[in-house]
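Numbering-wise, our numbering comes out as the position in the sequence shown, counting from 1, plus 45. For glycine and all other residues, C-beta sits at the position ideal for the given N, C-alpha and C. Note that the structure is a prediction, hence the values are computed from the model and not measured.
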Amino acid sequence: MDPREQLDQAQSLLARAGVDEWEALAVSSQSLSIGVRGQEVDKFSQAHSQGLALRILRGRRLGFSFVLGGGPDGLKRAVTEALASSDASDPEEALSLTPPAALPHEPEVFDASLANEPLEAKVERARQVAAAARSVDPRVTHVHPAEYGEDSTQVLLRNSLGLELGQRSTRVAAMANAMASQEGQQEEAWESDSRRFLGDLDAPAVGRAAGEKAVALLGAGPVPDGRYDVILHNQVAADFLELLASSLLGDNVVKGRSLLARRLGEQVCSPLVSVLDDGLYPRGLGSAAFDDEGTPQARKALITGGVLQGFVFDRLWGARFGAASTGNAVRASLKAPPGVGFSNLYLEPGPHAPQDLARQMGRGLIISEVLGGHTADPVSGQFSFGAAGHLVEGGLVTRAVKGIAMAGQVLELFGAIQALGSDLRFFGRVGAPSLLVRGLSISG
């Protein structure tokens with residue numbers, strides 16, 4: 046069933062059930078994934094999926110349901126389940142639907158050329174990932190997986206207030222895991238990249254990066270315990286930004302689970318730190334003209350010059366806080382109602398090339414990988430991560446480092462930033478440059 050026809054049938058069923066306030070989201074997607082071992086294809090999958098999610102309000106009680114597939118029986122079942130869900134819910138005065146509003150310009154997120162590229166060219170791209178990883182160094186002995194993938198998605202959103210929105214988007218990705226061996230030691234490294242447009246994806250570069258990272262870790266060992274100046278590689282910096290960002294989510298603020306709940310207008314980070322969430326970021330993986338409730342997207346300054354400017358909200362948590370939605374309703378999938386999330390969250394870059402940061406640091410560590418990021422406590426901000434990277438002496442990399450742990454508190458870390466790299470990169474919906482941080486606790 047066509048997604049628009051699916052919406053029409055759902056609307057008709059809701060009207061027959063006497064539901065006056067409702068929202069329906071229809072999603073249709075196609076995906077392709079290709080993996081190679083050596084140069085032989087060992088993974089190939091194509092899939093089409095379709096589904097619809099419903100939210101209804103009856104007596105301020107929220108009902109939610111979803112259906113995967115497009116058949117009429119599934120739609121009837123979804124309406125019945127939404128009614129039952131509403132009956133079991135407590136009233137919530139803060140709940141409301143999104144009225145129609147003028148949208149900003151629609152960001153570029155759809156690459157029409159994907160549909161016209163021959164399949165063999167896509168297979169060859171996966172082979173290029175594997176070949177590039179192996180070409181780095183003879184010590185790269187194993188590359189698997191090496192993959193290329195893409196998906197194309199259509200979203201249609203309609204509600205009882207007259208809202209009617211739609212968008213098409215694409216995503217392409219390459220990924221590789223490389224293993225390097227030397228004198229009985231083995232090290233492996235993972236690299237991936239995702240883009241909206243095929244022309245922005247350098248698949249061989251992904252393979253090369255995986256191979257280079259694996260080789261660079263050969264001969265790694267710990268360093269003595271102490272406080273070190275540290276350069277956080279942009280991927281690691283993005284991990285720490287995610288930890289800080291938990292305190293910028295409006296639901297956490299209202300629930301008292303935010304480090305920043307009562308600190309609006311205060312200096313909370315180094316004056317070098319400015320954090321934005323931009324739903325209209327050019328070709329961003331989180332970019333769209335509207336969020337998952339239909340609220341227009343925008344660019345939001347959350348921290349400017351280290352000063353806390355605001356939080357992000359969907360409609361429910363904005364109302365509970367006493368603020369409007371910031372366009373930050375995000376659905377993890379059709380199987381869950383929207384919650385508060387980020388579109389394209391990033392730390393603004395600085396003027397320094399990564400090698401200039403190393404010269405400025407003089408002696409210290411470059412941290413290129415952290416382990417156990419999920420173990421951090423977002424409420425207290427305390428973290429203790431395993432880490433790997435390189436020792437820097439005299440501004441130059443001297444050897445690889447692993448088997449160390451770094452510990453601290455996230456606001457203290459962001460307060461100790463001394464310089465920002467120019468190498469802003471997004472990892473999914475979160476982006477950061479490399480960061481020079483003074484005096485982190487390292488144990489070996």
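Select from the options the residue whose C-alpha is nearest the C-alpha of residue i.
i, options, result
"residue 233", "447, 284, 102 and 80", "447"
"residue 118", "435, 96 and 366", "96"
"residue 301", "215, 489, 362 and 244", "362"
"residue 152", "453, 256 and 213", "213"
"residue 307", "315, 317 and 295", "295"
"residue 99", "373, 474, 360 and 383", "383"
"residue 201", "249, 111, 69 and 231", "69"
"residue 434", "265, 46 and 372", "265"
"residue 112", "105, 293 and 122", "122"
"residue 137", "115, 261, 104 and 388", "104"
Quick check on DSSP: helix, strand or coil for residue i?
i, result
"residue 447", "strand"
"residue 131", "helix"
"residue 224", "strand"
"residue 553", "With the chain running from 46 to 489 in the structure shown, residue 553 is simply not present."
"residue 237", "strand"
"residue 204", "strand"
"residue 459", "helix"
"residue 341", "strand"
"residue 245", "helix"
"residue 325", "coil"
"residue 346", "strand"
"residue 285", "helix"
"residue 55", "helix"
"residue 470", "strand"
"residue 151", "coil"
"residue 299", "helix"
"residue 357", "strand"
"residue 119", "helix"
Could you tell me which residues DSSP pairs with residue i in its beta bridges?
i, result
"residue 362", "Looking at the DSSP assignment, residue 362 forms no beta bridge with any residue, so it has no partner."
"residue 218", "194 and 239"
"residue 136", "106"
"residue 271", "487"
"residue 429", "452"
"residue 88", "80"
"residue 335", "341"
Whose C-beta lies closer than 6 Å to the C-beta of residue i among residues of the same chain, with five residues either side of it excluded?
i, result
"residue 477", "279, 282, 283, 286 and 392"
"residue 218", "194 and 239"
"residue 92", "76"
"residue 89", "79"
"residue 298", "306 and 356"
Looking only at its own chain, which residues have a Cβ that is under 7 Å from the Cβ of residue i, when we skip the five neighbours before and after it?
i, result
"residue 289", "455 and 459"
"residue 275", "409, 410, 412, 482 and 485"
"residue 479", "276, 277, 278, 279, 282, 399, 402, 466 and 468"
"residue 145", "206, 207 and 208"
"residue 168", "79 and 86"
"residue 255", "178, 221, 222, 223, 234, 235 and 236"
How many whole angstroms separate the CB atoms of residue i and residue j, which I take to be in contact at a CB cut-off of 8 Å?
i, j, result
"residue 205", "residue 142", "7 Å"
"residue 81", "residue 175", "5 Å"
"residue 346", "residue 149", "At roughly 16 Å, the Cβ-Cβ gap does not stay under 8 Å, so residue 346 and residue 149 are not in contact."
"residue 498", "residue 156", "A query on residue 498 cannot be resolved here, the shown segment of the chain reaching from 46 to 489 and no further."
"residue 471", "residue 389", "7 Å"
To which residues of the same chain is residue i closer than 8 Å at the C-beta, ignoring the five residues directly before and after it?
i, result
"residue 270", "487, 488 and 489"
"residue 441", "403"
Less than 8 Å between CB atoms is the rule here; does residue i satisfy it with respect to chain C?
i, result
"residue 156", "Absent from the structure is chain C; it holds one protein chain and no more."
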